[in-house]
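Asks: Numbering (this note's numbering), first residue to last: -2 to 306.
Note that beta-carbon positions come from the ideal geometry of N, C-alpha and C, so glycine has one too.
Below is a structure I'd like to ask you about.
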């Protein structure tokens, strides 16, 4: 496992395995086991082994303001998917049940939202302080903070403490959901991309900086046939069926991969990846800017800061 970013994130290092710091700032963690699913939030990390065993780690903050290694929590249920927000972890079991853990509450106690008691969930995605879930029949539910319209419910409110059915997209055959920061996305079976929420850096790819409180089609990706959408805190990446990668949103740290620090209000092709045969959508993953400023593509790791493979 490799990681890079702010130094205090070293508090996520596990007890098992050895950490080796490279000259390039990349932390190598030689684990004694395989990790099948990994998600990182601001204060919490979750991972799943191939056996379905899941673990949650939360950092603690010392009096000096430094992060220290927190308690590791084992989840008894067999988990096949999970996603981390700033403090919350949302998980899907092998049976399609959904469990949520608030790492601010000790001990960590997974709970199942009542709205999903009779539904089978296939995917979950977390932004900073909001969550999305998709059921087996392609219906989307949102809950959490709604300060920038990230729940997509069409009206300004403080948020929703329980999952709300996103009826505005109920007729769209949704195949994938994604969330990051204060924005949300869905991907349709035909490759259409729809986004909503915060857009002050152009992270919705709509050509302007106005927030959206209901799902809006990213028209600049029409006829591109997207197969994967991944969100950072203020930027977004889209992988197409043809293997092209488009990024948009905040470019202040070079995270868009365009050799500049300018924001992009519309999807822009990442020329650096032209001919790279990007084909594994499972590896197109963006992270919170506090942790990683790179993208995993195919079998290579691209760090936009140094554009080194």
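(1) Any chance the region 143 to 158 sits against the region 113 to 120, with 3 or more Cβ pairs inside 8 Å?
(2) Is it true that the CB of residue 232 sits closer than 8 Å to the CB of residue 200?
(3) What number of angstroms, rounded off, separates the C-alpha of residue 134 from the C-alpha of residue 49?
(4) Bridge partners of residue 123, per DSSP?
(5) Going by beta carbon distance, what residues of the same chain come within less than 6 Å of residue 103, once the five residues before and after it are set aside?
(6) Pick from 224, 77, 189, 225: whose alpha carbon is nearest that of residue 216?
(7) Given that a residue counts as buried once 16 or more other Cβ atoms are within 10 Å of its Cβ, and exposed if not, what is residue 71?
(8) If you draw a straight line from the C-alpha of residue 146 to the C-alpha of residue 173, how long is it?
(9) Under DSSP, the beta strand (DSSP E) around residue 69 begins and ends at which residues?
(10) Apart from the five residues just before and just after residue 33, which ones in its own chain have a Cβ nearer than 7 Å to its Cβ?
(11) Within 10 angstroms of its Cβ, does residue 205 collect 16 or more other Cβ (buried), or is it exposed?
(12) Using 10 angstroms around the beta-carbon of residue 220, count the other beta-carbons present and answer buried if the total reaches 16, otherwise exposed.
(13) Below 8 Å on the Cβ atoms is my guess for residue 161 versus residue 140; work out the distance and round it to an integer in Å.
(14) Along the beta strand (DSSP E) that carries residue 211, what are the first and last residues, could you check?
(15) Closest to residue 118 by C-alpha separation, out of 110, 129, 95, 214, would be which residue?
(16) Leaving out five residues before and five after residue 151 in sequence, what residues of the same chain have Cβ atoms less than 6 Å from its Cβ?
(17) Quick check on DSSP: helix, strand or coil for residue 105?
(18) Tell whether a beta-carbon distance below 8 Å holds between residue 128 and residue 178.
(19) Just list the residues that DSSP pairs residue 140 with in beta bridges.
(20) Drop a sphere of 10 angstroms on the beta-carbon of residue 264, count the other beta-carbons inside from all chains shown, and report buried for 16 or more, exposed for fewer.
(21) Buried or exposed: residue 85, going by 16 or more other Cβ atoms within 10 Å of its Cβ?
(22) Between residue 224 and residue 237, how many whole angstroms is the CB-CB distance? I'm expecting something under 8 Å.
(23) Give the straight-line distance between the Cα atoms of residue 255 and residue 37, rounded to the nearest whole angstrom.
(24) With DSSP collapsed to three states, give me the class of residue 218.
(25) Would you check if the distance between the CB atom of residue 227 and the CB atom of residue 175 is smaller than 8 Å?
(26) Check this for me: beta carbons of residue 91 and residue 73, under 8 Å apart or not?
(27) What separation, rounded to the nearest whole angstrom, lies between the Cα atoms of residue 291 and residue 198?
Replies: Answer, in terms of the structure:
(1) Taking a cut-off of 8 Å on C-beta distances, the region 143 to 158 does not touch the region 113 to 120, as fewer than three cross pairs fall below it.
(2) The Cβ atoms of residue 200 and residue 232 lie closer than 8 Å to each other.
(3) Residue 134 and residue 49 have their C-alpha atoms roughly 24 Å apart.
(4) Paired residues: 128.
(5) Cβ neighbours of residue 103 beyond the five flanking positions: none.
(6) Answer by Cα proximity: 189.
(7) Exposed: under 16 other Cβ atoms inside 10 Å.
(8) Cα-Cα distance, rounded: 19 Å.
(9) The continuous beta strand (DSSP E) containing residue 69 extends over residues 69 to 72.
(10) So the list reads 45, 46, 47, once near-sequence residues are dropped.
(11) Counting of Cβ neighbours within 10 angstroms places residue 205 among the exposed residues, the total staying below 16.
(12) Its Cβ having fewer than 16 others within 10 Å, residue 220 is exposed.
(13) The pair is a contact, with the Cβ atoms about 6 Å apart (cut-off 8 Å).
(14) Boundaries of the beta strand (DSSP E) harbouring residue 211: 209 to 214, taken from the DSSP string.
(15) Closest option to residue 118, Cα to Cα, is 95.
(16) 210, 211.
(17) If DSSP states are grouped into helix, strand and coil, residue 105 belongs with coil.
(18) Not closer than 8 Å, so no.
(19) According to DSSP, which records beta bridges pairwise, residue 140 is partnered with 128.
(20) Residue 264 comes out buried.
(21) Under a 10 Å Cβ-count criterion, residue 85 is classified as buried, with 16 or more other Cβ atoms of the shown protein chains found around its own Cβ.
(22) Residue 224 to residue 237, Cβ: 7 Å. Contact.
(23) CA-CA distance, residue 255 to residue 37, rounds to 25 Å.
(24) When secondary structure is reduced to three states using DSSP, residue 218 falls in the helix class.
(25) In this structure, residue 227 lies near residue 175, with their beta-carbon atoms less than 8 Å apart.
(26) Result no, Cβ atoms of residue 91 and residue 73 do not sit closer than 8 Å.
(27) With a pLDDT of 42 at residue 291, under the threshold of 50, the modelled position of that residue is not reliable, and the figure given next carries that caveat. Roughly 18 Å separates the two Cα atoms.
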